[in-house]
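Q: I'd like to ask you about the structure that follows.
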Amino acid sequence: MARKYDPEQIETKWQKVWEEQQTFVIPNPPRLATGEPGPGAVLDGKGADATYVLEMFPYPSGSAHMGHVKNYTMGDVIARFRRHQGRRVLHPMGYDAFGLNSENVAIKTGEPPAEFTEESIATINRQLRRLGVSIDWTREVVTSRPEYYKWTQWLFLQFYKKGLAYKKEAPVNWCPSCQTVLANEQVIDGACERCDSLVEAKKLSQWFFRITEYAERLLQDFDKLGSWPERVVTMQRNWIGRSTGAEVVFGVAPREGGGGAAAPGGAAAAREASAAPEAELPAPVSTAEPGPATTSARVPVPAALPGAPVNVTVFTTRPDTLFGATFFILAPEHPLVDDLVAGTPQEAEVRRYVAKAMNTSAIERSSIEKEKTGVFTGRYVVNPVTGESIPIYVADYVLMDYGTGAIMAVPGHDERDFAFAKKYGLEVIEVIESPAEYKDADGNLTAAYSGDGALVNSGQFDGLPKADAIVKVTEWLRERGEGDFAVNYKLRDWLLSRQRYWGAPIPIVYCDKCGEVPVPDDQLPVLLPDITDYAPKGRSPLAAAEQWMNTTCPACGGSAHRESDTMDTFVDSSWYYLRYASAQRDDVAFDRADVDYWLPVDQYIGGVEHAILHLMYSRFFTKVLYDLGLVGFKEPFNNLFTQGMIYYKGAKMSKSKGNVVSPDEMVAKYGADSVRSYVLFMGPAESDAEWNDQGIEGVYRFLGRVWRQVTEALEEGILQEGAGAPGGAGTAAPGLIGTPLDAAGADASRSAGRADAGRAATMAGEATAFDDSTLTSAERALLVKTNQVVAKVTQDIGERFRFNTALAAIMELSNDIGAARAAGPAGAGSPGAAGAAGSPGLAAMPTGKAVFAYALQMMVRLIEPFAPHMGAELWQMMGGSDIWDAPWPKADERFLTAETVELAVQVNGKVRDRVTVAADAIDADVLAAAKELPGVAKHLEGMTLVKEVVVPGRLVSLVVR
RNA sequence: GCCGGAGUGGCGGAAUGGCAGACGCAACGGUCUUAAACACCGUAGGGUUGUACCCGUGCGGGUUCGAGUCCCGCCUCCGGCACCA
């Protein structure tokens with residue numbers, strides 16, 4: 000009796016082998032910049048034989064969950080598949096180990112974050128090994144270890160020296176629960192991404208990375224990417240939020256004696272005021288040739304003397320509507336507000352409004368439902384094209400964050416401005432010819448019209464279409480020094496400092512004499528001190544570690560103190576994929592030659608939740624490092640795949656809901672191979688899927704059936720005795736089933752590329768030795784099915800990422816193998832008669848045996864990326880060795896199509912009968928045969944045939960009248 | 001509101017413009033077994049008096065010999081962004 004399928008025993012056996020033999024360790028090659036294929040050769044800056052498969056590294060909080068299992072299994076299938084294709088595959092693993100989770104555990108239990116983190120890492124490590132993921136563990140990276148964060152700090156300093164890391168006081172997002180600031184990207188609907196607390200605005204001095212400087216390149220370089228999900232690109236594009244338009248300078252009209260109400264005023268004075276605005280204008284930013292982002296708000300310095308000329312710049316996407324600008328709005332935070340209202344009758348009211356706005360939460364303020372509010376400042380600006388004075392309001396629907404914090408309001412053609420104008424009784428002018436639906440009987444606008452149209456009421460620009468007018472008006476402004484083309488981005492600089500303990504300390508020292516001083520390289524890393532009180536108190540817990548805080552100035556040796564903030568953990572994860580390439584180096588963060596050999600990552604896999612944060616930050620980092628000459632590529636991840644989530648009982652798995660499926664339990668019950676196969680069989684990998692307890696049973700049954708089919712065949716001697724043909728001997732797989740195979744096809748270039756070529760399996764060639772003329776139709780049918788499945792699985796894994804259909808195809812093959820075995824020799828009896836279990840069926844015939852053996856062998860090879868342990872075991876039992884090194888099977892072209900095909904025959908679009916014809920039958924014969932079918936003939940009777948269509952291999956379509 | 005994506009049996013899902021429902025789960029019938037489990041074989045979209053036919057991929061139109069697939073107009077759900085000037 001054949002051995003029972005015992006996943007536990009098989010899996011631990013092979014995991015031990017892989018561990019001991021260091022099977023998946025892949026060394027960096029010696030550099031050979033020859034352009035020739037071979038180890039270390041470089042083409043287009045990347046290793047010609049190098050493939051980098053990477054999954055987003057896990058955050059070590061306890062243990063791995065099913066989402067991890069799916070992520071890492073998917074990566075593993077691809078990594079194993081590429082290895083079979085002869086590639087040198089880098090497939091490393093590490094841990095995103097800094098972060099709030101461990102720190103919160105520390106606050107609750109007192110267990111130091113380092114300990115909790117290392118325990119979690121040990122657990123996940125064990126889980127990944129138990130899953131049989133083929134990882135080069137010699138490259139393991141842990142971001143919370145000093146040997147890693149030393150280089151995070153070093154990289155920060157490189158940014159710092161380039162002016163790309165800077166400290167400034169700014170209103171920032173403060174999470175009162177996490178007691179730290181957050182990056183814009185970490186605020187979701189006004190709430191903290193981690194804990195959902197409402198984020199507060201706080202003015203603090205914080206560290207930023209100047210990512211805005213790279214806004215344009217982050218957009219442009221989407222072209223350089225291989226395959227990325229469209230929606231991820233779209234999300235980043237929206238986040239960066241590029242808009243083109245113009246900046247327009249408005250001169251503030253001088254105060255009137257006594258200030259007062261809405262008197263039109265001082266056009267002449269205003270003209271004078273705006274006569275020399277050049278000094279404030281930004282460098283022109285051409286739309287055709289985008290330069291570095293110019294996003295920082297250009298706020299005019301308030302004049303020193305009250306009443307002196309002051310200009311305010313606005314950004315607008317609609318300079319064509321300038322003639323319709325009937326009022327002007329400043330954000331409540333605008334620095335000019337204070338000076339403008341000083342001494343006006345409106346001063347008290349404006350100050351009240353500003354104070355209230357500042358105290359309103361961000362979400363409340365930005366709620367679109369909220370009625371617009373604002374307050375008149377008592378002051379005016381002069382519209383540069385009309386020379387008219389228009390009132391300045393302060394309103395909180397204008398954001399200090401975007402553009403210049405000031406807008407020209409065009410109520411006729413902007414919905415928001417229209418609403419505001421209606422509420423405060425401000426003038427609405429039509430300057431773009433608007434459709435009748437937008438107007439009342441008197442021709443007044445009843446709603447803002449933002450569509451296309453010709454200009455009206457716009458002086459010399461009347462009649463120009465919108466698009467032309469945008470250009471002409473801006474050019475006119477530019478000539479007069481009152482405006483210019485401009486590009487604006489929603490993207491803000493990346494706020495990277497955090498008032499928390501468990502992160503990489505920012506390597507800056509503050510000296511009374513020298514000010515802000517970077518820590519010299521030879522003093523890195525700035526180690527995290529051991530502390531006992533992790534509780535956040537609004538400043539970093541590090542600030543309380545006095546010994547650590549007090550230090551000497553690296554520049555002058557005087558007394559100094561350290562920066563107590565730590566870095567956002569997204570800094571750690573923005574470069575870890577580079578560290579893998581040189582993980583053992585302690586003298587550099589990474590070696591340029593190593594990263595250039597392996598990167599960009601060929602296939603990156605992870606959750607879509609990182610669409611903006613991690614993926615955009617990493618792209619930014621790579622571009623900066625490229626500019627610094629540290630890497631030779633501009634994009635880190637050539638192809639990206641975002642996997643769907645796994646649900647259970649209708650909800651996202653979570654401990655609090657108690658609906659968690661534990662990977663450990665599942666592996667213990669069904670084995671790693673079943674768990675791996677099931678997570679990929681659940682559905683398309685990119686879709687969310689619901690875990691089904693019975694679903695995994697089915698996959699487990701399937702693997703059990705494959706096991707049985709092979710072991711029973713072995714037991715009955717079908718596999719060994721199938722070795723009737725030449726070529727079987729002298730390979731690493733004596734007496735092998737593969738004897739009908741041509742062993743000469745072994746992939747030589749691949750073996751040469753491997754450090755361990757000596758033990759590469761040699762059992763599989765490509766072309767089979769089967770002779771078409773000696774095959775029975777049943778034999779040929781199984782052979783064809785086998786080859787079709789080989790082709791499908793190859794395509795599904797290698798090109799389509801459709802693991803579910805690949806597995807379904809292997810199941811079909813297994814079903815056919817079972818049927819062939821039961822059916823008996825072709826033509827000998829009906830399926831039912833020969834169907835008793837144990838009957839050798841097709842496998843009883845000499846050639847049938849070879850075909851049968853071939854089918855079984857292919858099935859094992861195809862399933863191996865999914866179920867690598869069972870693959871290795873069965874392969875070994877069949878006489879092969881090291882299946883993980885074997886070349887990937889190729890379909891034999893001769894047996895990809897069946898001899899005969901069944902075609903559907905349609906009459907007027909409805910299937911009326913079927914006809915079986917030779918696969919290569921000519922159309923005329925097919926048509927003739929089709930028309931004779933009884934089911935067809937009766938529908939043709941008495942009708943006139945008007946059209947005949949033959950789709951080879953598919954159907955025949957007849958049209959009658 | 002804007003931008004994406006998706007709607008197919010009881011369920012997960014499959015289908016280069018070419019026989020809708022592959023594969024699996026659940027279900028039902030059977031074989032084996034003292035029995036159960038395992039395993040194996042078989043049935044299975046809906047309708048209808050039929051071995052013949054009709055209806056079926058969210059809804060309504062269209063293109064085509066032929067539409068789940070392409071086009072137009074809707075509905076619903078999911079995701080992202082959202083007073084961004």
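Residue numbers for the first sequence, in numbering that gives the first Met the number 0: 0 to 960.
From the three backbone atoms N, C-alpha and C, an ideal C-beta is built for every residue, glycine too.
Going by beta carbon distance, what residues of the same chain come within less than 6 Å of Gly402, once the five residues before and after it are set aside?
A: In the first sequence, the residue the question calls residue 402 occupies position 403. Once the five neighbours on either side are set aside, the close Cβ partners of Gly402 are Phe314, Asn487.
Q: Measure the CB-CB distance between Leu679 and Pro635 and report whether it falls below 8 Å.
A: Along the first sequence, one-based indexing puts residue 679 at 680. Along the first sequence, one-based indexing puts residue 635 at 636. In this structure, Leu679 lies away from Pro635, with their beta-carbon atoms at least 8 Å apart.
Q: If you draw a straight line from the alpha carbon of Thr233 to that of Gln522, how long is it in whole angstroms?
A: Taking the first sequence and counting its residues from 1, one reaches residue 233 at position 234. Taking the first sequence and counting its residues from 1, one reaches residue 522 at position 523. Rounded to whole angstroms, Thr233 to Gln522 spans 42 Å at the Cα level.
Q: Classify Tyr647 as helix, strand or coil using the three-state DSSP reduction.
A: Locating residue 647 in the first sequence gives position 648, counting from the first residue. Tyr647: strand per DSSP, three-state reduction.
Q: Can you list, in chain order, the residues of its chain whose CB lies under 7 Å from that of Ile809, leaving out five sequence neighbours each side?
A: Indexing the first sequence from 1 puts residue 809 at position 810. Correct list, in chain order: Val788, Val792, Met858, Leu861, Ile862.
Q: Measure from the alpha carbon of Lys167 to the alpha carbon of each residue in Glu7, Val397, Trp493, Glu608, then state which is nearest.
A: For the purposes of this step, residue 167 is identified with residue 168 of the first sequence, where counting begins at 1. The shortest Cα separation from Lys167 among Glu7, Val397, Trp493, Glu608 belongs to Trp493.
Q: For Thr943, collect the residues of the same chain with a Cβ closer than 7 Å to its Cβ; drop the 5 residues on either side in sequence, then sort them by chain order.
A: Against the first sequence, residue 943 aligns to sequence position 944. Closer than 7 Å at Cβ, skipping near neighbours: Val959, Arg960.
Q: Quick one, which of Phe56, Ala105, Val141, Val666 has its alpha-carbon nearest Thr531's?
A: Taking the first sequence and counting its residues from 1, the one referred to as residue 531 is at position 532. Out of Phe56, Ala105, Val141, Val666, Ala105 has the C-alpha closest to the C-alpha of Thr531.
Q: Hey, quick one: how far does the beta strand (DSSP E) through Tyr148 stretch, first residue to last?
A: Within the first sequence, numbered from 1, the residue matching residue 148 stands at position 149. Careful: Tyr148 lies outside any beta strand (DSSP E), inside the alpha helix (DSSP H) at 145-160.
Q: Straight-line CA distance for Ala821 to Gln856?
A: The residue labelled residue 821 in the question sits at position 822 within the first sequence. The residue labelled residue 856 in the question sits at position 857 within the first sequence. Approximately 18 Å between the Cα atoms of the pair.
Q: Within 10 angstroms of its Cβ, does Arg138 collect 16 or more other Cβ (buried), or is it exposed?
A: Stepping through the first sequence from its first residue, residue 138 is reached at position 139. Answer is buried; the Cβ neighbour count reaches 16.
Q: Starting from Lys471, follow the beta strand (DSSP E) in both directions and report where the run begins and ends.
A: For the purposes of this step, residue 471 is taken as residue 472 along the first sequence, with counting starting at 1. Taken as a continuous stretch (DSSP letters only), Lys471 belongs to no beta strand (DSSP E), being part of the alpha helix (DSSP H) at 465-478.
Q: For Lys438, which residues does DSSP report across the bridge?
A: The residue given as residue 438 occupies position 439 in the first sequence. According to DSSP, Lys438 bridges with Leu444.
Q: Could you tell me which uninterrupted beta strand (DSSP E) segments, each at least 3 residues in length, are contained entirely in the segment 179-212, listed from first to last along the chain?
A: If we require 3 residues or more, the beta strand (DSSP E) runs fully inside the segment 179-212 come out as 179-181, 199-208.
Q: To which residues of the same chain is Val709 closer than 6 Å at the C-beta, ignoring the five residues directly before and after it?
A: Sequence index remark: in the first sequence, residue 709 carries index 710 (1-based). Cβ neighbours of Val709 beyond the five flanking positions: Leu855, Leu873.
Q: Select from Met92, Gly482, Thr11 the residue whose C-alpha is nearest the C-alpha of Thr316.
A: Translated into positions along the first sequence, residue 316 becomes position 317. Comparing Cα positions, the closest option is Gly482.
Q: CA-CA distance, Ala534 and Asp564?
A: The count along the first sequence starts at 1 and reaches residue 534 at position 535. The count along the first sequence starts at 1 and reaches residue 564 at position 565. Their backbone Cα atoms lie some 14 Å apart in a straight line.
Q: What three-state label does DSSP hand Trp597 in the structure shown?
A: Against the first sequence, residue 597 aligns to sequence position 598. It is helical.
Q: Which of helix, strand or coil does DSSP assign to Asp483?
A: Against the first sequence, residue 483 aligns to sequence position 484. It is a strand residue.
Q: For Gly74 versus Glu54, is the C-beta spacing smaller than 8 Å?
A: Along the first sequence, read from residue 1 onward, the residue named residue 74 stands at position 75. Along the first sequence, read from residue 1 onward, the residue named residue 54 stands at position 55. Result yes, Cβ atoms of Gly74 and Glu54 sit closer than 8 Å.
Q: Does the segment 582-590 come close enough to the segment 211-220 that 3 or more CB-CB pairs lie under 8 Å?
A: no
Q: On the criterion of 16 or more Cβ atoms from any shown chain inside 10 Å, does Leu526 qualify as buried, or is it exposed?
A: Counted from its first residue, the first sequence places residue 526 at position 527. Counting Cβ neighbours within 10 Å, Leu526 comes out exposed, since fewer than 16 surround it.
Q: Output the boundary residues of the alpha helix (DSSP H) element that contains Pro662.
A: Here residue 662 corresponds to residue number 663 of the first sequence, with the count starting at 1. First-last of the alpha helix (DSSP H) with Pro662: 662-669.
Q: For Leu454, collect the residues of the same chain with a Cβ closer than 7 Å to its Cβ; drop the 5 residues on either side in sequence, then sort them by chain order.
A: Within the first sequence, residue 454 is the residue found at index 455, counting from 1. So the list reads Asp319, Val430, Ile431, Phe460, Asp461, Gly462, Leu463, Ala468, once near-sequence residues are dropped.
Q: Which residue's Cα is closest to the Cα of Glu363: Leu781, Phe417, Ala420, Glu199?
A: To locate residue 363, count along the first sequence from 1; it is residue 364. If we check each option's Cα against that of Glu363, Glu199 comes out closest.
Q: Going by DSSP, what residue range makes up the alpha helix (DSSP H) through Gly777?
A: In the first sequence, counting from the first residue as 1, residue 777 sits at position 778. A quick correction: the sequence has Ala, not Gly, at residue 777. Run containing Ala777: 776-794, per the alpha helix (DSSP H) assignment.
Q: DSSP three-state label for Leu495, please.
A: Within the first sequence, the letter at position 496 stands for residue 495. The answer is coil: DSSP assigns Leu495 none of H, G, I, E or B.
Q: Taking the beta carbon of Cys174 as the centre, do at least 16 other beta carbons fall within 10 Å, making it buried, or is it exposed?
A: Taking the first sequence and counting its residues from 1, the one referred to as residue 174 is at position 175. Answer is buried; the Cβ neighbour count reaches 16.
Q: Between which two residues does the beta strand (DSSP E) containing Met407 stretch?
A: Residue numbering aside, residue 407 sits at position 408 when the first sequence is read from its first letter. Where Met407 is concerned, the enclosing beta strand (DSSP E) stretches over 405-408.
Q: Just verifying my parser: in three-state terms, what is the DSSP assignment at Glu872?
A: Translated into positions along the first sequence, residue 872 becomes position 873. In this structure, Glu872 counts as helix in the three-state DSSP scheme.
Q: I believe Ile611 touches Phe640 by the beta-carbon criterion, under 8 Å. Please report the beta-carbon distance rounded to the nearest angstrom.
A: As a working mapping, residue 611 is identified with position 612 in the first sequence. As a working mapping, residue 640 is identified with position 641 in the first sequence. Not confirmed; about 17 Å, so no contact.
Q: In chain order, what residues of the same chain have a beta carbon less than 8 Å from the beta carbon of Gln178, not counting five sequence neighbours either side?
A: Taking the first sequence and counting its residues from 1, the one referred to as residue 178 is at position 179. Cβ neighbours of Gln178 beyond the five flanking positions: Gln498, Arg499, Pro535, Lys536, Gly537.
Q: Can you give the Cα-Cα distance for Thr72 and Ser226, rounded to whole angstroms?
A: Sequence index remark: in the first sequence, residue 72 carries index 73 (1-based). Sequence index remark: in the first sequence, residue 226 carries index 227 (1-based). Roughly 20 Å between the two C-alpha positions.
Q: Expressed to the nearest angstrom, what Euclidean distance is found between the alpha-carbon atoms of Ser686 and Gly643?
A: As a first step, residue 686 must be located in the first sequence, where it is residue number 687. As a first step, residue 643 must be located in the first sequence, where it is residue number 644. C-alpha separation (whole angstroms): 4 Å.
Q: Considering only the beta carbon of each residue, do Asp95 and Pro145 sit closer than 8 Å?
A: In the first sequence, the residue the question calls residue 95 occupies position 96. In the first sequence, the residue the question calls residue 145 occupies position 146. The Cβ-Cβ distance between Asp95 and Pro145 does not fall below 8 Å.
Q: Quick one: is Ala760 buried, meaning 16 or more other Cβ sit within 10 Å of its Cβ, or exposed?
A: In the first sequence, the residue the question calls residue 760 occupies position 761. Legend: pLDDT at Ala760 = 34, less than 50; position of this residue unreliable, no value from coordinates given.
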